[in-house]
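Trainee:
Number of protein chains: 2
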Amino acid sequence: MNKNIFSQIYTDYTQRIETGLLKTGIKLPSENEIAEEYATSRETVRKALHLLSQNGYIHKIRGKGSYVLDINRMEFPISGLVSFKELSERLGRPARTLVHETIRIPCPQNVARQLQITEQEEVWKVVRAREIEEEKVILDKDYFLASVIPALTAEIAADSIYAYLEGDCSLKIAYAKKEISVEKVSAEDKRLLDLGRDTHIVVVRNYVHLEDTTLFQYTESRHRLDKFQFVDFARRAVAEE
Amino acid sequence: MNKNIFSQIYTDYTQRIETGLLKTGIKLPSENEIAEEYATSRETVRKALHLLSQNGYIHKIRGKGSYVLDINRMEFPISGLVSFKELSERLGRPARTLVHETIRIPCPQNVARQLQITEQEEVWKVVRAREIEEEKVILDKDYFLASVIPALTAEIAADSIYAYLEGDCSLKIAYAKKEISVEKVSAEDKRLLDLGRDTHIVVVRNYVHLEDTTLFQYTESRHRLDKFQFVDFARRAVAEE
DNA sequence: AAGTGGTCTAGACCACCCT
DNA sequence: GGGTGGTCTAGACCACTTC
């Protein structure tokens, strides 16, 4: 599956750590030992261990070794590009998606600013409410550049747009910027979500870029206050001071 | 200042990008050219460019080159371990810190759970309100393991605890986990902050670890809804599938 | 075919930790 | 002093883009 040696080492260890085979605090074999085990060079092992370290699986200590961390990998939305479908599967809770809109339109003015395009260009607009445990708690408003997406249907929107884009369209997503803030609820929020007496809502603005750096998607993910959680793992900056 | 070649290359390019000398979309010299320029090997250059790529400065495209991204580096709280002082300086706005408590106490029960210690161990408790533009909008409640911190004063708390810890105490901070959620306001929030009619508040729980992996600090940073913003840059996961 | 970034090698020296 | 991770080298081959 993984043709690269370093990613094979990486997935081997993430699996062992996630399944509990390697428990918190356990010391990994030394880089030289792992290199021998995989019949590869030490630099290749270091590449894999660096990735594990960046993603919060292990911590490396000079002169001592690499140790498994206890960061809980099962948290709600792990930092990064994770779709709603992956999330609900991870949670194992009854979850549903209600597709309200799947239309191709000239880009609305406010969205054109976000996507840095003109109002003449066309976009796909998808509006979906996410229901968890019988309550509609998340409203996703997606806008995709129509020029890079041939077709889009309510069926695809109900399933996973990302699987469709990366699979059938073979688009390659490269990076994204998220902005999280809290704003006043809109009339649309009230209409499409179960908000009760809430006056505010968490808004996650997501700007998604392709491999060639084009900004092709802008998403507003609007979460009911009590159902929002975000987890972030960060290392002290390298190469500073 | 930077003795490592790769971090020298890294800071050279972050500065050129941040000052606008290298503008969005500009193509960097090839890895071979940069290696020649710095009289070093290509792998060392690649290490620096990888860091730039991870931190959202550039994007690398196989067969083409590396390009400067337009991710706005001046956003409010950039993902990572950034102190309030760094933030307010970056914003350039009038900011003040009001120190309410700086005491050494046996660890309260609820905090002992967060810090994974017993209630017999002692902790430093620091409570500070952050004022921006004449309004108290952030409440920071910090708890530090007393065993690793000799002394703490209101003066240090008013200045920068991190500068004190990393400078005078030469503690080395390694990594941290953040959890962001929205909760009901507490009586303490109402007393120490200017909340108006707000019923909710953004809570950022921060678990900070040292180089030897000990969890030595737990912080609850409580932000007024309208003053909270979080930005996150993420690349599509490597080494998956 | 030439140039680019992605992966990998087989060494080297260093800084740090432990005994 | 022996083991560990951190940095660096001078090559190599590959996949991809551009001409």
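Residue numbers (full-length UniProt numbering), protein chains in the order written: chain W, 1 to 241; chain S, 1 to 241.
Here a beta-carbon is modelled for each residue, glycine too, at the ideal position from N, C-alpha and C.
Would you check if there are 3 or more beta carbon pairs closer than 8 Å linking the stretch 216–224 of chain W to the stretch 133–145 of chain W?
Mentor: Yes, they touch.
Trainee: Between the beta-carbon of S:R130 and the beta-carbon of S:T102, is there less than 9 Å?
Mentor: No, the Cβ-Cβ distance between S:R130 and S:T102 is not below 9 Å.
Trainee: Excluding the 5 residues flanking W:A176 on each side, which residues of the same chain have their C-beta closer than 7 Å to its C-beta?
Mentor: Same-chain partners within the cutoff: L81, N206, Y207, V208, H209.
Trainee: Which two residues bound the contiguous beta strand (DSSP E) that contains W:K141?
Mentor: Run containing W:K141: 135–145, per the beta strand (DSSP E) assignment.
Trainee: Among residues of its own chain, excluding the 5 on either side of W:I34, which ones have a beta-carbon nearer than 6 Å to its beta-carbon?
Mentor: Around W:I34: V45.
Trainee: When you compare the stretch 17–34 of chain W with the stretch 55–70 of chain W, are there three or more beta-carbon pairs, one atom per stretch, that lie closer than 8 Å?
Mentor: A contact exists between the stretch 17–34 of chain W and the stretch 55–70 of chain W.
Trainee: I need the straight-line Cα distance from S:L115 to S:Q217, nearest angstrom please.
Mentor: So the alpha carbons of these two residues sit roughly 7 Å apart.
Trainee: For S:A151, which residues of its own chain have a beta-carbon under 7 Å away from its beta-carbon, when the five flanking residues on both sides are left out?
Mentor: Once the five neighbours on either side are set aside, S:A151 has no close Cβ partner at all.
Trainee: What does the alpha-carbon distance come out to for the pair W:L145 and W:I156?
Mentor: Distance between the alpha carbons of W:L145 and W:I156 is about 16 Å.
Trainee: Closest to W:D212 by CA distance: which of W:A174, W:Q15, W:N4 is it?
Mentor: If we check each option's Cα against that of W:D212, W:A174 comes out closest.
Trainee: Rounded to whole angstroms, what is the Cα-Cα separation between W:V126 and W:Y143?
Mentor: Computed Cα separation, rounded: 6 Å.
Trainee: Between which two residues does the alpha helix (DSSP H) carrying W:S53 extend?
Mentor: Unbroken alpha helix (DSSP H) run through W:S53: 42–54.
Trainee: Which of the three DSSP states is assigned to W:K125 in this structure?
Mentor: Strand.
Trainee: DSSP three-state call for S:V203: helix, strand or coil?
Mentor: Three-state DSSP puts S:V203 in a strand.
Trainee: I'd like to check one pair, S:D232 with W:E183: are the Cβ atoms closer than 9 Å?
Mentor: No; because the gap between Cβ atoms is not below 9 Å, this pair is not in contact.
Trainee: Output yes if chain S places a C-beta closer than 9 Å to the C-beta of W:E179; else output no.
Mentor: Taking Cβ atoms only, chain S reaches closer than 9 Å to W:E179, which makes this a yes.
Trainee: Of all Cβ atoms in chain W, is any one closer than 9 Å to the Cβ of S:Y218?
Mentor: No, its Cβ sits nowhere closer than 9 Å to a Cβ of chain W.
Trainee: Assign W:A48 to buried or exposed, taking buried as 16 or more other Cβ atoms, counted over all protein chains shown, within 10 Å of its Cβ.
Mentor: With 16 or more Cβ atoms within 10 Å of its Cβ, W:A48 is classed as buried.
Trainee: Ordered along the chain, which non-local residues of its own chain (more than five positions away) have a Cβ less than 8 Å from that of W:I61?
Mentor: Closer than 8 Å at Cβ, skipping near neighbours: Y67.
Trainee: Using a Cβ-Cβ cutoff of 9 Å, what residues of the stretch 148–177 of chain S are near chain W? List them in chain order.
Mentor: The residues in question are K172, I173, A174, Y175, A176, K177.
Trainee: Within the 9 Å Cβ cut-off, does S:I103 reach chain W?
Mentor: Not one chain W Cβ lies under 9 Å of S:I103.
Trainee: Could you tell me whether the Cβ atoms of W:A31 and W:R42 are closer together than 9 Å?
Mentor: In the sequence on display, residue 31 of chain W carries Glu and not Ala. Closer than 9 Å, so yes.
Trainee: Ignore the nearest five residues each way along the sequence and tell me which others in S:P94's own chain have a CB closer than 7 Å to its CB.
Mentor: So the list reads E133, once near-sequence residues are dropped.
Trainee: Run down chain S in chain order and give the residues with a C-beta less than 7 Å from the C-beta of W:Y67.
Mentor: Chain S residues near W:Y67: T213.
Trainee: Looking only at DSSP bridge pairs, what is S:K27 linked to?
Mentor: Answer by DSSP bridge pairing, in chain order: S:Y67.
Trainee: Assign S:I78 to one of two classes, buried (16 or more other C-beta atoms within 10 Å of its C-beta) or exposed (fewer than that).
Mentor: Legend: pLDDT at S:I78 = 48, less than 50; position of this residue unreliable, value from coordinates given subsequently. Under this definition S:I78 is a buried residue.
Trainee: Identify whether S:S221 lies in helix, strand or coil by the three-state DSSP scheme.
Mentor: In this structure, S:S221 counts as strand in the three-state DSSP scheme.
Trainee: In the stretch 221–236 of chain W, which residues sit with their C-beta less than 8 Å from some C-beta in chain S, listed in chain order?
Mentor: The residues in question are L225, D226, F228, Q229, F230, V231, D232, F233, A234, R235, R236.
Trainee: Specify, as a first and last residue, the run of the beta strand (DSSP E) that W:E119 falls within.
Mentor: From DSSP, W:E119 is part of no beta strand (DSSP E); its letter is neither H nor E.
Trainee: If you run the structure through DSSP and keep just helix, strand and coil, what is W:K190?
Mentor: W:K190: helix per DSSP, three-state reduction.
Trainee: Quick test of your reading: W:T14 and W:Y57, contact by CB under 8 Å. State the CB separation rounded to the nearest angstrom.
Mentor: With a Cβ gap of about 6 Å, W:T14 and W:Y57 count as contacting.
Trainee: For W:R128, count the other beta carbons within 10 Å of its own beta carbon; 16 or more makes it buried, fewer makes it exposed. Which is it?
Mentor: It is buried - the Cβ of W:R128 has at least 16 other Cβ atoms within 10 Å.
Trainee: If you measure from the beta carbon of S:I132 to each beta carbon in chain W, is any gap under 9 Å?
Mentor: Judged by the 9 Å Cβ criterion, S:I132 is not in contact with chain W.
Trainee: With 9 Å as the threshold, decide whether the Cβ of W:I17 is near any Cβ in chain S.
Mentor: No, W:I17 does not count as interfacial toward chain S.
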